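Report on one structure; see the data block that follows.
There are 2 protein chains.
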Amino acid sequence: MSSLTIQIDRTRLLADLEVLAEIGRGSEGGITRRALSKEDAAARNYMKQRMVGAGLTVTHDEVGNLRGRFGSGEHAVVMTGSHLDTVPAGGRLDGPLGIVGAICAVEALGRVGFSPKRPVEVVVFVGEEGSRFRRGTIGSAAISGHVEVEAIHALVDGEGISFRDALSTYGDEGPRRPARARKGEVHAFVELHVEQGGLLEAEALDIGAVTAIAGLVQRQLSFLGEANHAGATPMHLRHDALLAASTFALEVERIARELGGGAVATIGKFEVFPGGKNIIPGRVEAICDLRAPAAALLSALDDRVCAALGTAGQARGVSTRESLLQRVEPGPMDERVIATIERAAAAAHVKSKRMISGAIHDTLHMAELCPSAMIFVPSTGGRSHCPEEETAPEALERGCEVLARTLAELAS
Amino acid sequence: MSSLTIQIDRTRLLADLEVLAEIGRGSEGGITRRALSKEDAAARNYMKQRMVGAGLTVTHDEVGNLRGRFGSGEHAVVMTGSHLDTVPAGGRLDGPLGIVGAICAVEALGRVGFSPKRPVEVVVFVGEEGSRFRRGTIGSAAISGHVEVEAIHALVDGEGISFRDALSTYGDEGPRRPARARKGEVHAFVELHVEQGGLLEAEALDIGAVTAIAGLVQRQLSFLGEANHAGATPMHLRHDALLAASTFALEVERIARELGGGAVATIGKFEVFPGGKNIIPGRVEAICDLRAPAAALLSALDDRVCAALGTAGQARGVSTRESLLQRVEPGPMDERVIATIERAAAAAHVKSKRMISGAIHDTLHMAELCPSAMIFVPSTGGRSHCPEEETAPEALERGCEVLARTLAELAS
Numbered sequence: 001m002s003s004l005t006i007q008i009d010r011t012r013l014l015a016d017l018e019v020l021a022e023i024g025r026g027s028e029g030g031i032t033r034r035a036l037s038k039e040d041a042a043a044r045n046y047m048k049q050r051m052v053g054a055g056l057t058v059t060h061d062e063v064g065n066l067r068g069r070f071g072s073g074e075h076a077v078v079m080t081g082s083h084l085d086t087v088p089a090g091g092r093l094d095g096p097l098g099i100v101g102a103i104c105a106v107e108a109l110g111r112v113g114f115s116p117k118r119p120v121e122v123v124v125f126v127g128e129e130g131s132r133f134r135r136g137t138i139g140s141a142a143i144s145g146h147v148e149v150e151a152i153h154a155l156v157d158g159e160g161i162s163f164r165d166a167l168s169t170y171g172d173e174g175p176r177r178p179a180r181a182r183k184g185e186v187h188a189f190v191e192l193h194v195e196q197g198g199l200l201e202a203e204a205l206d207i208g209a210v211t212a213i214a215g216l217v218q219r220q221l222s223f224l225g226e227a228n229h230a231g232a233t234p235m236h237l238r239h240d241a242l243l244a245a246s247t248f249a250l251e252v253e254r255i256a257r258e259l260g261g262g263a264v265a266t267i268g269k270f271e272v273f274p275g276g277k278n279i280i281p282g283r284v285e286a287i288c289d290l291r292a293p294a295a296a297l298l299s300a301l302d303d304r305v306c307a308a309l310g311t312a313g314q315a316r317g318v319s320t321r322e323s324l325l326q327r328v329e330p331g332p333m334d335e336r337v338i339a340t341i342e343r344a345a346a347a348a349h350v351k352s353k354r355m356i357s358g359a360i361h362d363t364l365h366m367a368e369l370c371p372s373a374m375i376f377v378p379s380t381g382g383r384s385h386c387p388e389e390e391t392a393p394e395a396l397e398r399g400c401e402v403l404a405r406t407l408a409e410l411a412s
Numbered sequence: 413m414s415s416l417t418i419q420i421d422r423t424r425l426l427a428d429l430e431v432l433a434e435i436g437r438g439s440e441g442g443i444t445r446r447a448l449s450k451e452d453a454a455a456r457n458y459m460k461q462r463m464v465g466a467g468l469t470v471t472h473d474e475v476g477n478l479r480g481r482f483g484s485g486e487h488a489v490v491m492t493g494s495h496l497d498t499v500p501a502g503g504r505l506d507g508p509l510g511i512v513g514a515i516c517a518v519e520a521l522g523r524v525g526f527s528p529k530r531p532v533e534v535v536v537f538v539g540e541e542g543s544r545f546r547r548g549t550i551g552s553a554a555i556s557g558h559v560e561v562e563a564i565h566a567l568v569d570g571e572g573i574s575f576r577d578a579l580s581t582y583g584d585e586g587p588r589r590p591a592r593a594r595k596g597e598v599h600a601f602v603e604l605h606v607e608q609g610g611l612l613e614a615e616a617l618d619i620g621a622v623t624a625i626a627g628l629v630q631r632q633l634s635f636l637g638e639a640n641h642a643g644a645t646p647m648h649l650r651h652d653a654l655l656a657a658s659t660f661a662l663e664v665e666r667i668a669r670e671l672g673g674g675a676v677a678t679i680g681k682f683e684v685f686p687g688g689k690n691i692i693p694g695r696v697e698a699i700c701d702l703r704a705p706a707a708a709l710l711s712a713l714d715d716r717v718c719a720a721l722g723t724a725g726q727a728r729g730v731s732t733r734e735s736l737l738q739r740v741e742p743g744p745m746d747e748r749v750i751a752t753i754e755r756a757a758a759a760a761h762v763k764s765k766r767m768i769s770g771a772i773h774d775t776l777h778m779a780e781l782c783p784s785a786m787i788f789v790p791s792t793g794g795r796s797h798c799p800e801e802e803t804a805p806e807a808l809e810r811g812c813e814v815l816a817r818t819l820a821e822l823a824s
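Residue numbers (the numbering used here), protein chains in the order written: chain C, 1 to 412; chain S, 413 to 824.
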């Protein structure tokens, strides 16, 4: 494969990303496409036309995944793709790059007359972000069989709208193929994605070959102190929920740093009640998000954070409660696919490194189905899930070329 | 005065408080009477009828203060009173006790045939809580001349309604007397109030003789870090605004405890953005509320807190901003009135202690006009500004008796 001369159409790649970036763009620059929304459907429709234009055979399945096939025959397919839905006010690359990039990669392979032994299927996964329904990575959970199609159809969003009803407005025509892959149907899966962190940029590298997707524990936390008058309550008679929660937040950071090994911990939701400027906080509601690339490390992180919760409250007479929101096991990637990505990077004359994905991706579920891995490109300033999410055009192009070379080897 | 046999009508005292507690009562038990609202007017109307029933001569002034006079003559008046407006979902004693208690005290004096040399005036101050207009202690600010009547009339609430317009719906009949007291018009002022803290209860004391009302500095604070993906951003590449703000919150507590001398510091408003469970906080908006009973101590507290703000941000690459919302100077009480309260407590055979008021009251402005002090009764559990605000019936009665004896001495 290394002998192929792959030329990505960078203009087309950037133009497609630009079209998608305008669908759901808010006044402050962020892009909001909730799963199965009008904006999501518009972006999907654009990609469907692009697939048709690229000569792919387009189908769609029971949960709304869109698939475009390059090549034919009865061999197990090589799949690649990503998602079009976004977090609220998100960026333009998280998801779209892995779809637009896949189509551009396939087109580049077509231009050099590459004829795959195995068909290559570009997939638009439905509902990867968890921002509308109770869970994310919905499309890949259906394909891998991680979640039953019926259970997915029964998901309900915050306004009481079921996934099934939302899907009916999505605009697919014709019959829906089964979502769940048959045994032996998929040969391998690879996803091109922005890193969403700052490691590649910090080390001036072009490509990350992902060796594992970190697992996740999210816990809902409550700190219950006593609201009281800010002026009339002496410091030593307070049960300040904010101070207990602040102590905990700093301790969580300390624990994650001490454990190392790719463990990260974040308190992103943190609400203080009643919130009056002259009232001592009586209650804090928070969510902590813990991640680690290995199950044992994730459990150790979780155990120590739970212990710290009690300690942070006790010292101030603030009671604490916690409940598990979700636990997702870490997903190791396939060594053969990782090595294929590394060979592809070398053939494209770009520097790569093996790394962990701290973020969850559809690849996590695809890895339960078939040999899988991911290709990361650098995120400028390490920014993601925000309007500033960006990657240099040359880096996007290099990522596409590495994807094309990886697909070519996997499909041969 | 100590020879008087004062008998407070406890049944009447509790019944009046109960009537007021039902005006503006919400479904969760809290009482909401915003200044000059329908509920505030209803409570005020009830007190007006009570004043008339108690034989007081009722007048009202340009800003809506209601006044009921006991006794007559040209001598400078002894004033006492408090407010009827509440914080949102507040308690039943903060304010009403100082009005109902004053009427019951005057009635008790009347029953024993006490004839004051100086008239005693019971005042219902308008708008003490700052929860509707831009400022609180409005009525006392007008009487003391701290704020011009025109400036008060021009105050606007959050919905754009002016104080002047709101006042026109308040239901006063007949001419309005000038609000601002003439020179020499007021001989002394005393206010009966719940402590709103837990010191009296902790020391099993009945009465607090307030020696100073703490001054206040409130600052708006911003912590500006960088929102980013919770999974993909390594711990060492983060600029987490929540962690910077947490460090600051704990440091503020430490500074207040270290300074002592009645200094207290609270961060009651604390909002974290964007607030997604899987997004590193990029921004925190908070308000810190600093109080101290002496100007030099308040300045020292403020200086050290401002210095801590910069330090908390720098360590994490989080920038910080602050702006002054308000500074109110501490108000020392009058030694002669304080001593009068102590004598009254002794005559009533109840234990008292000198203490600071951490909360601001109308007495702060009255002290600019005439010798003033406050009588505190214990707050059960130190709770206030909440539905749980409570004081034992015997303690309420004892507070009224001490007020009656204080008024009797001041008016003689």
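By construction, the Cβ of each residue, glycine as well, lies at the ideal position given by its N, Cα and C atoms. None of the values given here were measured: they were computed from a predicted structure.
Please classify residue i as buried or exposed, where buried requires at least 16 neighbouring CB atoms within 10 angstroms.
i, result
"Lys269/C", "buried"
"Gly539/S", "buried"
"Ser27/C", "exposed"
"Glu414/C", "No answer is possible for residue 414/C: the residues shown for chain C start at 1 and end at 412."
"Glu361/S", "Because chain S here runs from 413 to 824, residue 361/S falls outside it and cannot be looked at."
"Gln726/S", "exposed"
"Gln630/S", "buried"
Would you please verify whether the beta carbon of residue i is less than 9 Å from any beta carbon of chain C?
i, result
"Glu683/S", "yes"
"Glu607/S", "yes"
"Cys516/S", "no"
"Cys812/S", "no"
"Gln630/S", "yes"
"Pro805/S", "no"
"Glu571/S", "no"
"Asp577/S", "no"
"His495/S", "no"
"Leu617/S", "no"
"Ser385/S", "For chain S, the structure presents residues 413 to 824; residue 385/S sits outside this window and is missing."
Give me the Cα-Cα distance between residue i and residue j, rounded to the nearest whole angstrom.
i, j, result
"Thr80/C", "Glu251/C", "40 Å"
"Cys244/C", "Ala720/S", "Position check: residue 244/C holds Ala in this sequence, whereas Cys was assumed. Approximately 19 Å, taken between the alpha carbons."
"Ile152/C", "His146/C", "10 Å"
"Ala706/S", "Ala816/S", "30 Å"
"Lys689/S", "Cys306/C", "17 Å"
"Ala35/C", "Ser3/C", "41 Å"
"Thr391/C", "Asp362/C", "21 Å"
"Ile143/C", "Gly225/C", "46 Å"
"Asp452/S", "Phe482/S", "24 Å"
"Phe125/C", "Gln196/C", "19 Å"
"Ile691/S", "Ala578/S", "44 Å"
First and last residue of the beta strand (DSSP E) that includes residue i?
i, result
"Lys38/C", "Element bounds for Lys38/C: not the beta strand (DSSP E) but the alpha helix (DSSP H), 38-53."
"Ile375/C", "372-377"
Using a C-beta cutoff of 9 Å, does residue i count as contacting chain S?
i, result
"Gly225/C", "no"
"Met235/C", "yes"
"Leu221/C", "no"
"Asp289/C", "yes"
"Ile138/C", "no"
"Thr59/C", "no"
"Ile267/C", "yes"
Considering just the uninterrupted stretch of the alpha helix (DSSP H) at residue i, what are its terminal residues?
i, result
"His365/C", "362-369"
"Gly139/C", "138-144"
"His651/S", "Where His651/S is concerned, there is no enclosing alpha helix (DSSP H), given that its DSSP letter is neither H nor E."
"Gln726/S", "707-726"
"Ser580/S", "575-580"
"Ala395/C", "393-411"
Beta carbons nearer than 8 Å to chain C: which residues of the segment 689-718 of chain S have them? Look at the segment 689-718 of chain S: the residues with a C-beta under 8 Å from a C-beta of chain C are Lys689, Asn690, Ile691, Ile692, Pro693, Gly694, Ile699, Asp701, Arg703.
For the segment 639-671 of chain S, which residues have a CB atom closer than 7 Å to at least one CB atom of chain C, in sequence order? Answer in chain order: Ala639, Asn640, His641, Ala642, Gly643, Ala644, Thr645, Pro646, Met647, Leu649, Leu654, Leu655, Ser658, Thr659, Ala661, Leu662, Glu665, Ala668, Arg669.
Where the segment 774-803 of chain S meets chain C: residues whose CB sits under 7 Å from a CB there: The segment 774-803 of chain S vs chain C, Cβ under 7 Å: Gly794, Arg795, Ser796, His797, Cys798.
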